[in-house]
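Peer 1: Below you will find the structure I want to go over with you.
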Amino acid sequence: MKKAVLTIIISVIMIVTSACGNSKPNQLNLPVSEFEFTNQDEQTVSLEDLKGKVWITDLIFTYCETVCPTMTMNMAELQKQLKAAEVDAEIISFSVDPERDTPAALKSYLGKFGADFTNWNALTGYSYEEIKSFVLQSFKVPIAKDGASDQIIHGTYFYLVDQNGTVVAKYDGMEDTPFEKIINDVKALQKS
């Protein structure tokens with residue numbers, strides 16, 4: 027009797043666990059604010075352009091001396107792994123230093139990491155105050171100018187945005203970036 031009950035409990039746990047693994051990510055529910063910015067090719071990219079697409083985004087700047095090179099290297103690796111898995115997702119990098127990050131500077135910077143610009147847009151073309159407000163409203167993370175240097179302090183997460191423009195999950199973009207989980211979460215969104 028005890029063995030039968032234990033078998034049933036284990037079976038239920040396995041079913042629930044496997045169902046959770048295939049479920050749509052919903053860790054967050056943050057609508058991205060409307061935007062219309064300029065990419066590395068001096069083309070306009072807006073939230074409307076991304077409607078119906080799943081996308082992954084981060085915050086970077088080209089003069090960053092600390093976290094951005096690692097984050098950008100990890101995003102480039104994610105892009106390669108998405109392509110290898112034949113998973114279609116857009117990548118959007120928002121510059122948090124728009125005064126210095128021209129479209130040409132962003133294109134050169136991402137080019138050093140082997141970025142494929144067919145689905146990776148680096149955005150600029152706004153003021154620092156505009157991006158500060160946008161990032162706080164859309165991703166609930168502050169950015170700030172470092173008073174002791176020319177650096178910008180910002181978050182190091184990768185954010186997953188669904189087809190409706192809602193942030194549904196975030197992941198460590200610096201250390202132990204969960205590439206496989208991100209890819210599986212993108213797949214789950216695309217199935218829904």
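With this note's numbering applied, the sequence shown covers 27 to 218. Backbone N, C-alpha and C define an ideal beta-carbon position, used for all residues, glycine too. Note that this is a predicted model, so its numbers are computed, not measured.
#1: Below 8 Å between beta carbons: does that hold for residue 149 and residue 175?
#2: Could you tell me the distance, in whole angstroms, from the CA atom of residue 67 to the CA atom of residue 210?
#3: Assuming residue 93 and residue 182 form a contact by the criterion Cβ under 8 Å, report the distance between their Cβ atoms to the nearest whole angstrom.
#4: If contact is defined by three or more beta carbon pairs under 8 Å, each pair taking one atom from either stretch, is the stretch 97–105 in contact with the stretch 161–178?
#5: Which one or two residues does DSSP pair with residue 198 in a beta bridge?
#6: Compute the beta-carbon to beta-carbon distance between residue 151 and residue 88, rounded to the nearest angstrom, for a pair I have assumed lies under 8 Å.
#7: Just to confirm before moving on: does the CB-CB distance between residue 146 and residue 105 stay below 8 Å?
#8: Which of helix, strand or coil does DSSP assign to residue 192?
#9: In the structure shown, what three-state DSSP assignment does residue 164 receive?
#10: Whole angstroms are fine: how far does the CA of residue 159 sit from the CA of residue 193?
#11: Pick helix, strand or coil for residue 147, following the three-state DSSP scheme.
#12: Pull up the distance between the alpha-carbon of residue 76 and that of residue 186, whole angstroms please.
#13: Pull up the CB-CB distance for residue 121 and residue 82, whole angstroms please, since I reckon it's below 8 Å.
Peer 2: For this structure:
#1: The sequence position of residue 149 within the sequence shown is 123, counting from 1. The sequence position of residue 175 within the sequence shown is 149, counting from 1. Residue 149 places its beta carbon 8 Å or farther from that of residue 175.
#2: Position 41 of the sequence shown holds residue 67. Position 184 of the sequence shown holds residue 210. For residue 67 and residue 210, the distance between alpha carbons rounds to 30 Å.
#3: Residue 93 sits at position 67 when you count from the first residue of the sequence shown. Residue 182 sits at position 156 when you count from the first residue of the sequence shown. Yes, they are in contact, since the Cβ atoms of residue 93 and residue 182 sit about 5 Å apart, within 8 Å.
#4: no
#5: Along the sequence shown, read from residue 1 onward, the residue named residue 198 stands at position 172. DSSP output for residue 198 lists 183 as bridge partner(s).
#6: Counting from 1 along the sequence shown, the entry for residue 151 is found at position 125. Counting from 1 along the sequence shown, the entry for residue 88 is found at position 62. That belief does not hold up - the Cβ atoms of residue 151 and residue 88 are roughly 14 Å apart, past 8 Å.
#7: Numbered from 1 along the sequence shown, position 120 holds the residue referred to as residue 146. Numbered from 1 along the sequence shown, position 79 holds the residue referred to as residue 105. Result yes, Cβ atoms of residue 146 and residue 105 sit closer than 8 Å.
#8: For the purposes of this step, residue 192 is taken as the residue at position 166 of the sequence shown. DSSP places residue 192 in the strand class (E or B) of the three-state scheme.
#9: Within the sequence shown, numbered from 1, the residue matching residue 164 stands at position 138. If DSSP states are grouped into helix, strand and coil, residue 164 belongs with the helices.
#10: Looking up residue 193 in the sequence shown gives position 167. Looking up residue 159 in the sequence shown gives position 133. Straight-line Cα distance between these residues: approximately 16 Å.
#11: Position 121 of the sequence shown, counting from 1, holds the residue named residue 147. Correct three-state label for residue 147: strand.
#12: As a working mapping, residue 76 is identified with position 50 in the sequence shown. As a working mapping, residue 186 is identified with position 160 in the sequence shown. Taking the straight line from one Cα to the other gives about 13 Å.
#13: The residue given as residue 121 occupies position 95 in the sequence shown. The residue given as residue 82 occupies position 56 in the sequence shown. Wrong, their Cβ atoms sit about 16 Å apart, outside the cutoff.
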